[in-house]
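Protein chains in written order, with my numbering: chain H, 3 to 118; chain Z, 156 to 269. Glycine included, each C-beta is placed from N, C-alpha and C at the ideal position. What you are looking at is a predicted structure, and each value in this text was computed from that prediction instead of being measured.
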Amino acid sequence: GAGVSQSPSNKVTEKGKDVELRCDPISGHTALYWYRQSLGQGLEFLIYFQGNSAPDKSGLPSDRFSAERTGGSVSTLTIQRTQQEDSAVYLCASSLVGGRSYNEQFFGPGTRLTVL
Amino acid sequence: AQSVTQLDSHVSVSEGTPVLLRCNYSSSYSPSLFWYVQHPNKGLQLLLKYTSAATLVKGINGFEAEFKKSETSFHLTKPSAHMSDAAEYFCVVSDVNRDDKIIFGKGTRLHILP
Chain H
3 GAGVSQSPSN KVTEKGKDVE LRCDPISGHT ALYWYRQSLG QGLEFLIYFQ GNSAPDKSGL
63 PSDRFSAERT GGSVSTLTIQ RTQQEDSAVY LCASSLVGGR SYNEQFFGPG TRLTVL
Chain Z
156 AQSVTQLDSH VSVSEGTPVL LRCNYSSSYS PSLFWYVQHP NKGLQLLLKY TSAATLVKGI
216 NGFEAEFKKS ETSFHLTKPS AHMSDAAEYF CVVSDVNRDD KIIFGKGTRL HILP
């Protein structure tokens, strides 16, 4: 079946502009995660959605970052007034919480964001 | 609350020699533990997972990991390294609890020397 998809695959923007990154999780997965991976760094957790619960936003680095998940499916990560330090690969993952899947995450290919 | 510590940020081994990537965790409940691999310019891929069945878990590409509750460890091993194993490896912990999130370690970059 279809995996996690992300768009765009690459995004180049100018400092100060807003960007939107999209994630389409695997159908039926109730949990969705956003991570950031800077060059040579590990994964930095950003935000976590689980079903209809309030999202865990504890990883968002500043109030310029926000995310929403509409209808429990597609998610959009928005970065306002982008800065050069926002340049990174943004990864989305989904998982089927509960049951026999034991929270295995399935990752999308990522969006490479470059802020000039 | 869970946490995971990967003790080495970089590991270098010669081709054909054993690989050991260390991971320690803390968890309040019964953890599920995973290793993910990320090859250069590739997406993250699940290598293996422990989910309270056998404590020795076999994964893809000849890797395996052993869950040791007394040591709170889940080290990743391979008897003989190949050049293609050069990648970044992430240890991950999750409690088998409906609302718990998954915690990634900071990663270990494995270098294979010819």
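Item	Value
First and last residue of the uninterrupted beta strand (DSSP E) at H:Q85	Segment: none, H:Q85 is in no beta strand (DSSP E) and carries neither H nor E.
Range covered by the beta strand (DSSP E) that runs through H:D26	21 to 26
Residues that Z:H230 bridges to, as DSSP identifies them	Z:E221
8 Å Cβ cutoff, Z:K261 in contact with chain H	yes
Cross-strand partners of H:K59 (DSSP beta bridge)	According to DSSP, H:K59 bridges with nothing at all.
8 Å Cβ cutoff, H:P111 in contact with chain Z	yes
Burial state of Z:I215 (16 or more Cβ within 10 Å)	exposed
C-alpha distance - H:L115 paired with Z:S225, whole-angstrom precision	43 Å
Z:E243 classed as buried or exposed, judged by whether at least 16 other C-beta atoms fall within 10 angstroms	buried
The segment 15 to 29 of chain H contacting the segment 165 to 178 of chain Z, beta-carbon criterion three pairs below 8 Å	no
For Z:T172, the three-state DSSP class (helix, strand or coil)	coil
Contact with chain H by Z:Q204, beta-carbon distance below 8 Å	In the sequence as presented, Gln is not what sits at residue 204 of chain Z; that position holds Lys. With 8 Å as the cut-off, Z:K204 counts as an interface residue toward chain H.
Interface residues of chain H facing Z:L201 [CB-CB closer than 7 Å]	E106
Closer than 7 Å at the beta carbon, the chain Z residues around H:G73	Under the 7 Å cutoff, chain Z gives no residues; its nearest Cβ is about 20 Å from H:G73.
Expected contact under 8 Å - CB spacing of Z:E219 and Z:T210 to nearest Å	Actually they are not in contact, since the Cβ atoms of Z:E219 and Z:T210 sit about 11 Å apart, beyond 8 Å.
Environment of H:S96 [buried if 16+ CB atoms lie within 10 Å]	buried
Per DSSP, cross-strand counterpart(s) of H:R71	H:S77
Nearest residue (CA-CA) to Z:S239, options Z:Q193, Z:K261, Z:S207	Z:Q193
Exposure of Z:L175, with buried meaning 16 or more beta-carbon neighbours within 10 Å	exposed
Selection from Z:S181, Z:G262, Z:P234, Z:P269 that minimises the alpha carbon distance to H:G44	Z:G262
8 Å Cβ cutoff, H:L48 in contact with chain Z	no
Boundaries (first-last residue) of the beta strand (DSSP E) holding H:I49	45 to 52
As assigned by DSSP and simplified to three states, the class of Z:N196	coil
Buried or exposed by the 16-neighbour rule on C-beta atoms within 10 Å, applied to H:R83	exposed
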